[in-house]
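A short worksheet on the structure shown next.
In my numbering, the protein residues as written are 1 to 141.
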């Protein structure tokens, strides 16, 4: 199972659909995501601190839990090296006109496809629409 960062965050922060994502996972580990998700998740934490949604202490605590889960093997991080990024760029350029593909979304989509996944779980509407360009089915709860 592959989750993008929007779904990953729902497992660590109280967000809409957090309970649904927890039920979806059902304790089935490891879960795949791009190594990019580590940076994206910490960016979410930083944004929440800036907006007053959580304290710095809470952000550090949640970060520690997440990084511990990576170390414990709950998350399988798909590397985003130079060759994968070059393949991602080529797919973006060959995607149909009218399909909006943001760079981070494309990295997640290629990561899922190259990990052998058929589906990608996300709450991102653009990624759901772009999934077919990467031979994936975009899924949401």
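Every residue, glycine too, gets a C-beta built ideally from N, C-alpha and C. Note that the structure is predicted; figures quoted are calculated from it, not measured.
Contact between the stretch 104-113 and the stretch 71-89 is present, with at least three C-beta pairs closer than 8 Å.
Taking the Cβ atoms as the reference, residue 62 lies roughly 5 Å from residue 12, within the contact range of under 8 Å.
Sequence-distant partners of residue 92 (beyond 5 residues in either direction) whose C-beta falls short of 6 Å from its own C-beta, in its chain, are 101, 106. When secondary structure is reduced to three states using DSSP, residue 31 falls in the strand class. Ranked by Cα distance from residue 3, the options 90, 15, 21, 17 are led by 21. Under the three-state reduction of DSSP, residue 120 is assigned to strand. Within the model, the alpha-carbon separation for residue 54 versus residue 46 is close to 9 Å. In this structure, DSSP gives residue 101 a state outside helix and strand, which the three-state scheme calls coil. Secondary structure note for residue 76: it is in no alpha helix (DSSP H), and the uninterrupted beta strand (DSSP E) holding it is 75-78.
Residue 73 places its beta carbon less than 7 Å from that of residue 30. Taking residue 14 as reference, the option from 125, 59, 136 with the minimal CA-CA separation is 59.
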